[in-house]
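These notes are about the structure you will find just below.
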Amino acid sequence: MKIKLGPADFAEQEMRGYEVGKRNLCVARIDGRYKGLDDWCNHAGCLLSGGRIEGNRVICPCHEVGFDMDTGKNETSPGVCDDQPTMSIAVENGELLVELSEKDL
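Everything in the sequence shown is counted per the UniProt record's numbering, starting at 1 for the first residue and increasing by one.
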């Protein structure tokens, strides 16, 4: 099911957090594309959207773990945190849309 998040008006390298149903999402604009993954760090419970972007990674504000925004893979501290689930972010008519399952709502 496609859910509207809001306007696709991010600056390059900007990220924001969203609460949608049972999910917290971290959405970033990197190289002109919108990318998304789970916002809660599975190790420390911090919101990744409160961190920073380095290249194609979002860096957790609590423990500096870097997650690839395309794959969700923990690329900097294997064994410290599990990989983060990713989700597809689309832009339609100037709006950001995320595809979520019924169980996430």
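Where is the CB? At the ideal position from N, CA and C, for every residue including glycine.
May I ask which residues mark the beginning and end of the beta strand (DSSP E) holding residue i?
i	result
E99	95 to 99
K2	2 to 7
E92	89 to 92
Among the options, whose alpha-carbon lies nearest the alpha-carbon of residue i?
i	options	result
D83	V27, N42, R52	N42
D31	G79, M1, A11, E99	A11
C62	G94, D70, M87, R52	R52
residue 107	E64, V91, P85	Outside the modelled stretch of the chain, which goes from 1 to 105, sits residue 107, for which no answer is possible.
Name the DSSP bridge partner or partners of residue i?
i	result
P78	C81
What beta strand (DSSP E) runs, 3 residues minimum, are completely inside the region 10 to 70?
15 to 20, 23 to 30, 33 to 38, 52 to 54, 57 to 59, 66 to 68
For the region 37 to 53 and the region 7 to 27, state whether three or more C-beta atom pairs, one from each stretch, are separated by less than 8 Å.
yes
Segment contact flag, the region 50 to 57 with the region 68 to 75, C-beta cutoff 8 Å, min 3 pairs
yes
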